[in-house]
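Protein chains in written order, with the numbering used here: chain D, 512 to 817; chain A, 15 to 461. Every residue gets a Cβ at the ideal spot worked out from N, C-alpha and C, and that includes glycine. Structure first, then comments.
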Amino acid sequence: MQAMAVLRVEDAKKAFGATQALSGVSLELGEGELLGLLGPNGAGKTTLVRALAGRVRLDGGTVELFGRRLSATETRDGLGVVPQEIALYPLLTARENLEAFGSFNGLRGAALRDRVAWALEWTGLSERAREPIRRFSGGMRRRLNIACGVLHEPRVILLDEPTAGVDPQSRERIYEMLDRLRARGVSMLLTTHQLDEAEARCRRIVIVDHGRVIAAGTLGDLVRDTVGARRVVTVKLDRAPATPIEGLTGEGDGTIWSGPVRDVDADLATVLQRVAAAGRTVADLEVRQPSLQSVFLHLTGRELRE
Amino acid sequence: MIRTLLRIHWTNLRRDRVAQLLAFVVPMAFFTIFALIFGGRGNSVTRRVHVAVVDESRTAVSRRLVRALKAEKSLVVLTRARAGGGSRDTARVPIDRARAERLVRDGEVPLALVLPAGLDTSLARFDGGGMPVQLLSDPSDPIAPQVVGGMLQKVVMTAMPDLFLQRGIGQFERYTGGLTPKQRTAVDQWLPMLRARAEGDSTGGGSARAGAGGDSSGAAGGDSARAAAMSGMAKVEVVPVLGRKQDTGMISFYAAAIAVMFLLFTASAVAGTLLDEVDSGTLERVLSTRVGMTGLLAGKWTWLTLLGMSQITVMFVYAMLAFRLDLLHHLPGFAVMTFFTAATAAAFGLFLASMCRTRAQLGGISMLIILVMSALGGSMFPRIFMTAAMQKAGLVTFNAWALDGYVKVFWREAPLTALLPQVGMLAGFMVVFLALARLFARRWERV
Numbered sequence: 512m513q514a515m516a517v518l519r520v521e522d523a524k525k526a527f528g529a530t531q532a533l534s535g536v537s538l539e540l541g542e543g544e545l546l547g548l549l550g551p552n553g554a555g556k557t558t559l560v561r562a563l564a565g566r567v568r569l570d571g572g573t574v575e576l577f578g579r580r581l582s583a584t585e586t587r588d589g590l591g592v593v594p595q596e597i598a599l600y601p602l603l604t605a606r607e608n609l610e611a612f613g614s615f616n617g618l619r620g621a622a623l624r625d626r627v628a629w630a631l632e633w634t635g636l637s638e639r640a641r642e643p644i645r646r647f648s649g650g651m652r653r654r655l656n657i658a659c660g661v662l663h664e665p666r667v668i669l670l671d672e673p674t675a676g677v678d679p680q681s682r683e684r685i686y687e688m689l690d691r692l693r694a695r696g697v698s699m700l701l702t703t704h705q706l707d708e709a710e711a712r713c714r715r716i717v718i719v720d721h722g723r724v725i726a727a728g729t730l731g732d733l734v735r736d737t738v739g740a741r742r743v744v745t746v747k748l749d750r751a752p753a754t755p756i757e758g759l760t761g762e763g764d765g766t767i768w769s770g771p772v773r774d775v776d777a778d779l780a781t782v783l784q785r786v787a788a789a790g791r792t793v794a795d796l797e798v799r800q801p802s803l804q805s806v807f808l809h810l811t812g813r814e815l816r817e
Numbered sequence: 015m016i017r018t019l020l021r022i023h024w025t026n027l028r029r030d031r032v033a034q035l036l037a038f039v040v041p042m043a044f045f046t047i048f049a050l051i052f053g054g055r056g057n058s059v060t061r062r063v064h065v066a067v068v069d070e071s072r073t074a075v076s077r078r079l080v081r082a083l084k085a086e087k088s089l090v091v092l093t094r095a096r097a098g099g100g101s102r103d104t105a106r107v108p109i110d111r112a113r114a115e116r117l118v119r120d121g122e123v124p125l126a127l128v129l130p131a132g133l134d135t136s137l138a139r140f141d142g143g144g145m146p147v148q149l150l151s152d153p154s155d156p157i158a159p160q161v162v163g164g165m166l167q168k169v170v171m172t173a174m175p176d177l178f179l180q181r182g183i184g185q186f187e188r189y190t191g192g193l194t195p196k197q198r199t200a201v202d203q204w205l206p207m208l209r210a211r212a213e214g215d216s217t218g219g220g221s222a223r224a225g226a227g228g229d230s231s232g233a234a235g236g237d238s239a240r241a242a243a244m245s246g247m248a249k250v251e252v253v254p255v256l257g258r259k260q261d262t263g264m265i266s267f268y269a270a271a272i273a274v275m276f277l278l279f280t281a282s283a284v285a286g287t288l289l290d291e292v293d294s295g296t297l298e299r300v301l302s303t304r305v306g307m308t309g310l311l312a313g314k315w316t317w318l319t320l321l322g323m324s325q326i327t328v329m330f331v332y333a334m335l336a337f338r339l340d341l342l343h344h345l346p347g348f349a350v351m352t353f354f355t356a357a358t359a360a361a362f363g364l365f366l367a368s369m370c371r372t373r374a375q376l377g378g379i380s381m382l383i384i385l386v387m388s389a390l391g392g393s394m395f396p397r398i399f400m401t402a403a404m405q406k407a408g409l410v411t412f413n414a415w416a417l418d419g420y421v422k423v424f425w426r427e428a429p430l431t432a433l434l435p436q437v438g439m440l441a442g443f444m445v446v447f448l449a450l451a452r453l454f455a456r457r458w459e460r461v
C-alpha cells in the first residue's frame with residue numbers, strides 16, 4: 512500500500528436532480544504520490560474534484576485532508592486546484608495573474624513576491640513576466656495555469672487535465688515541473704484523458720464509471736485483475752494472405768495481423784505455424800503487454816473519449 | 015443557396031430570444047415611451063404649467079385676471095401656499111413675492127406671476143407704459159414663461175374685453191379727439207355687457223372658453239406666444255430668479271443626464287465580466303480560494319463604483335472646461351451625488367449580470383432596461399417637459415432621482431440636507447440591487 516494517506520475520500524455521494532453523479536466513491540492519495548483518476552466523460556471525475564475543492568456539497572460520505580475531516584464550506588488552504596480550463600485573466604500579465612491568485616490564496620507582501628518569483632522561474636516565464644498572457648502560446652498558458660494553483664505551496668494538488676491541448680514537447684515540460692514538486696513531497700491527483708500519460712506517470716490509477724470506482728491499483732494490478740496475463744502478438748507479413756489467419760485480426764492493407772495469446776511460450780509457435788500454413792512469411796513480430804487502454808475497454812466497454 | 019441561407023437565418027432568429035427582443039420589442043418599447051412623452055394622449059395628461067400668482071394689486075381687475083387665469087385649462091394656478099413653503103398643503107397663506115420666489119427656487123413651480131400694484135392702469139395701454147406683470151422664472155424650464163406670457167395676453171383680451179375696449183377708446187380719444195355724446199353713451203352701455211359676458215366665460219365651462227378665446231394651447235407655443243410675451247395687451251417682464259447660472263444650468267443637467275445613462279451601460283458591461291469568468295472557469299477557480307461570493311461581489315461593486323465616479327467626474331470636468339460649468343463651487347453636493355449615483359449604478363450592473371445566463375442575454379436585456387430607464391428617467395429628455403403622469407412614472411427609475419439630485423446641487427444651489435430624498439432613494443435602490451445580485455449569484459456557489 513502507498514505511504515500515509517494525505518487525502519482520503521470515503522463513500523462520496525452526490526446527485527444532481529435525478530442524475531447520480533457520485534454513487535459512493537472512495538479513494539486515498541498517499542504522500543508524494545501522483546494518483547491517476549480515469550473515467551469516461553460523465554463518469555463523475557469532475558464532480559469528485561469539485562467536491563474535494565469545496566465547490567460541491569456532498570450528499571453523503573466524507574473527505575479528509577491530512578487526517579482531518581473537511582466540511583463542505585471550509586477553506587482548503589493545504590489544497591491546490593488546477594482546473595482544466597485556462598482560468599486566468601487574459602488582459603493581465605503573467606506576473607499580475609500570479610499576484611492575483613497568490614493574493615486570493617492569502618499570500619501577502621514579501622511572501623507573495625518570493626512565490627511569484629519562484630513561479631516565474633518554475634514555469635520558465637521570467638523573461639515574459641510583463642506580457643499580457645493573451646499573447647502566450649497554449650503551452651505557456653498551461654504552465655501559468657498550473658503555477659497559479661500551486662503558488663501558495665499546497666501539499667496536495669488536484670490537476671484536472673493539466674496537459675489538455677498542448678504539444679508533446681510542452682507536455683513533457685509540464686511533467687518536469689510537476690516532478691520537481693513531487694520531489695518536495697507534494698501529492699497530486701491527476702485526472703486525464705491521456706492513457707499513455709497515466710500509464711507512464713502514475714504508479715497507481717483509479718478508474719471511475721457511473722459515479723463509482725470500478726478498479727484501482729497499479730497498472731500491473733489492473734491488468735492482472737482484468738485482462739489477466741494475456742499478451743498481444745502482432746505480425747507483419749510479406750503480403751496479404753488469401754484467407755484469414757485463425758485467431759488473429761487483420762488490419763490496414765491486410766499485411767498486419769494481431770491477436771491475444773494466453774501464454775507466450777506455448778502460443779507464439781502456434782501463431783507462426785498458422786502464418787506459414789497460409790503461405791506467408793513473417794516480416795516483423797511484436798509481443799506487447801496489454802495497455803491501460805485494454806484495461807479501460809475491458810472495464811467500461813467503451814473508449815475513454817466516448 | 016439563398017433559400018438555404020434564409021432558412022439558416024430564420025432558424026437562428028427563431029431560436030434567439032435576445033435577437034427577437036432587440037429587433038421587435040425594444041423599438042416598440044421606445045416608440046411607446048416617446049409617444050407618451052411627446053404625444054400627450056389627450057388633454058387629461060398633457061403637461062399643464064403650474065404657476066404661482068402673487069396679487070400685489072388687489073383690485074377688482076387683478077382679481078378678475080386671476081379668476082380668468084384659473085379658468086385656463088393649460089394652467090394650474092396657485093394663489094396660496096403652505097406657510098413654510100411648498101404648494102400642496104391645506105393650511106395655506108396667500109403667496110407673496112418672497113414666497114413665490116422661494117417656490118420657484120425650490121422647484122415647486124417653474125414660474126410665478128406677479129401682478130404689480132397699479133395693474134389696472136397698466137393693462138391694454140397700447141403705449142407700452144405702466145407697471146409690467148413680472149414672470150419670476152426658473153430658466154431650466156424655458157417653455158413655461160412663454161406659455162404663461164402668451165396665456166396672459168390672451169386672457170386680457172378674451173376675459174377682459176371691456177377693459178380692452180375702454181383703454182382702446184381712451185387711446186383713440188387721445189389721438190383723434192373725444193367721442194360724441196351719443197357714441198359715449200353707446201360705449202358706456204356696451205361695457206357692462208362685455209364685462210358680464212367675459213366674467214361668465216371665465217367662470218363657465220370649457221365650451222364658453224373655447225368660444226371666447228379658442229384653443230388655449232394655441233397661445234402657448236410658437237412665435238405668437240413669444241411676441242405676446244414681449245409686448246401686447248399686458249406688459250410682461252421675465253425675471254429669472256435663478257438667473258446667475260442661466261447659461262450653464264442646463265449644461266449641468268445634460269452632463270449628469272448623459273453621464274448617468276452611460277454609467278449604466280458601463281456598469282452592466284463591466285459587471286458582465288462576471289459572466290466571462292463563469293465561462294472561462296475563472297470564477298470557479300477564484301471561489302475555490304479564500305475568496306467567497308460576497309467578497310467577490312463586494313470587490314466588483316467597489317471597482318464599478320470607483321469607475322463610475324471617475325466617469326461622472328470626467329464628464330463634469332469636461333463640462334467645466336468646455337462649457338464653463340461652475341463645478342468648483344458645488345463640490346460637496348457633486349461628491350455626494352456622484353458617490354451615490356455611481357454606487358447605485360454599480361449595484362444595478364451587478365444585478366443585471368447576475369440575473370443573466372449569458373453575455374448575449376446581458377447585452378440585450380441591459381440595453382432594453384437602460385434605454386427605457388433613461389427615457390423615463392430624463393436622461394434623454396428632461397422630465398420637467400414631460401406630462402405629470404410621465405414625470406411620476408419616471409420616479410420608478412434611479413436616473414430620475416440621480417438627475418433630480420444634480421439639479422438641486424447645480425441649479426437650485428440646495429444645501430446637502432436637501433439631497434436627503436434623492437440620496438435616500440438611491441441608497442434604497444442600491445441595497446435592493448445588491449441584495450438581488452447576491453441572491454442570483456447563489457447559483458454559482460456550492461451546489
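CB-CB length for residue i against residue j, believed under 8 Å
{"i": "residue 80 of chain A", "j": "residue 65 of chain A", "result": "Residue 80 of chain A to residue 65 of chain A, Cβ: 11 Å. No contact."}
{"i": "residue 791 of chain D", "j": "residue 755 of chain D", "result": "Between residue 755 of chain D and residue 791 of chain D the Cβ distance is about 12 Å, and since that is not below 8 Å, they are no contact."}
{"i": "residue 667 of chain D", "j": "residue 546 of chain D", "result": "With a Cβ gap of about 10 Å, residue 667 of chain D and residue 546 of chain D do not count as contacting."}
{"i": "residue 534 of chain D", "j": "residue 812 of chain D", "result": "Not a contact, Cβ separation roughly 18 Å."}
{"i": "residue 584 of chain D", "j": "residue 460 of chain A", "result": "7 Å"}
{"i": "residue 522 of chain D", "j": "residue 572 of chain D", "result": "4 Å"}
{"i": "residue 702 of chain D", "j": "residue 714 of chain D", "result": "That belief does not hold up - the Cβ atoms of residue 702 of chain D and residue 714 of chain D are roughly 16 Å apart, past 8 Å."}
Closer than 9 Å to chain D by CB, residue i
{"i": "residue 294 of chain A", "result": "yes"}
{"i": "residue 301 of chain A", "result": "yes"}
{"i": "residue 235 of chain A", "result": "Confidence at residue 235 of chain A is low in this model, with a pLDDT of 35, below 50, so the placement of that residue should be treated as unreliable; the coordinate-derived value is given next. So, not an interface residue."}
{"i": "residue 460 of chain A", "result": "yes"}
{"i": "residue 305 of chain A", "result": "yes"}
{"i": "residue 122 of chain A", "result": "no"}
{"i": "residue 298 of chain A", "result": "yes"}
Beta-bridge partners of residue i, as assigned by DSSP
{"i": "residue 767 of chain D", "result": "D:747, D:762"}
{"i": "residue 254 of chain A", "result": "A:151"}
{"i": "residue 64 of chain A", "result": "A:90"}
{"i": "residue 69 of chain A", "result": "A:129"}
9 Å Cβ cutoff, residue i in contact with chain A
{"i": "residue 643 of chain D", "result": "no"}
{"i": "residue 796 of chain D", "result": "no"}
{"i": "residue 565 of chain D", "result": "yes"}
{"i": "residue 640 of chain D", "result": "no"}
{"i": "residue 596 of chain D", "result": "yes"}
{"i": "residue 599 of chain D", "result": "yes"}
{"i": "residue 792 of chain D", "result": "no"}
{"i": "residue 553 of chain D", "result": "no"}
{"i": "residue 647 of chain D", "result": "no"}
{"i": "residue 588 of chain D", "result": "yes"}
{"i": "residue 483 of chain D", "result": "Nothing about residue 483 of chain D can be reported from this structure: the residues present for chain D run from 512 to 817 only."}
{"i": "residue 592 of chain D", "result": "yes"}
{"i": "residue 568 of chain D", "result": "yes"}
{"i": "residue 577 of chain D", "result": "no"}
Residue i at chain E interface by Cβ criterion, 9 Å
{"i": "residue 583 of chain D", "result": "In the structure shown, chain E cannot be found, because the protein chains are D and A."}
For this session: Pick out the complete beta strand (DSSP E) segments inside the stretch 360 to 429 of chain A, 3 residues or longer, and give them in chain order.
Result: With a minimum length of 3 residues, there is no unbroken run of beta strand (DSSP E) contained wholly in the stretch 360 to 429 of chain A.
Problem set entry | Every unbroken beta strand (DSSP E) inside the stretch 98 to 178 of chain A [3 residues or more] | Segments of the beta strand (DSSP E) lying fully in the stretch 98 to 178 of chain A: 106 to 108, 125 to 129, 147 to 151.
Problem set entry | Inter-stretch contact at 8 Å, needing at least 3 Cβ pairs: the stretch 275 to 289 of chain A / the stretch 537 to 554 of chain D | Contact between the stretch 275 to 289 of chain A and the stretch 537 to 554 of chain D is absent: fewer than three C-beta pairs spanning the two stretches fall below 8 Å.
Problem set entry | Whole beta strand (DSSP E) elements within the stretch 634 to 682 of chain D, 3-residue minimum | Those beta strand (DSSP E) runs which fall completely within the stretch 634 to 682 of chain D and span 3+ residues are 667 to 671.
Exercise. On the three-pair Cβ rule with 8 Å, is the stretch 625 to 640 of chain D touching the stretch 595 to 608 of chain D?
Worked result: Yes, they touch.
For this session: Take every Cβ of the stretch 444 to 460 of chain A, pair it with every Cβ of the stretch 293 to 312 of chain A, and state whether three or more of those distances are shorter than 8 Å.
Result: Contact between the stretch 444 to 460 of chain A and the stretch 293 to 312 of chain A is present: 3 or more CB-CB pairs across the two stretches fall below 8 Å.
Problem set entry | Any 3 or more C-beta pairs closer than 8 Å across the stretch 309 to 320 of chain A and the stretch 396 to 414 of chain A | Touching, no, given that fewer than three Cβ pairs across the two stretches are closer than 8 Å.
Problem set entry | At least 3 beta-carbon pairs within less than 8 Å: the stretch 698 to 714 of chain D vs the stretch 674 to 690 of chain D | Cβ pair count under 8 Å is three or more, so yes.
For this session: Would you list, in sequence order, the uninterrupted beta strand (DSSP E) runs of no fewer than 3 residues that lie entirely inside the stretch 686 to 747 of chain D?
Result: 698 to 702, 715 to 720, 723 to 729, all fully within the stretch 686 to 747 of chain D.
Exercise. Okay, do the stretch 326 to 334 of chain A and the stretch 616 to 626 of chain D touch, 3+ Cβ pairs below 8 Å being the bar?
Worked result: The answer is no - the stretch 616 to 626 of chain D does not touch the stretch 326 to 334 of chain A, with fewer than three Cβ pairs under 8 Å.
Exercise. Pairing CB atoms from the stretch 798 to 807 of chain D with CB atoms from the stretch 337 to 356 of chain A, are three or more of them under 8 Å?
Worked result: No, they do not touch.
Exercise. Counting pairs of beta carbons, one from the stretch 152 to 169 of chain A and one from the stretch 84 to 91 of chain A, are three or more of them closer than 8 Å?
Worked result: By the C-beta criterion, the stretch 152 to 169 of chain A is judged to be in contact with the stretch 84 to 91 of chain A, since at least 3 inter-stretch pairs fall below 8 Å.
Exercise. How about the stretch 739 to 748 of chain D and the stretch 771 to 779 of chain D: do they share at least three Cβ pairs that are nearer than 8 Å?
Worked result: Yes, the stretch 739 to 748 of chain D touches the stretch 771 to 779 of chain D.
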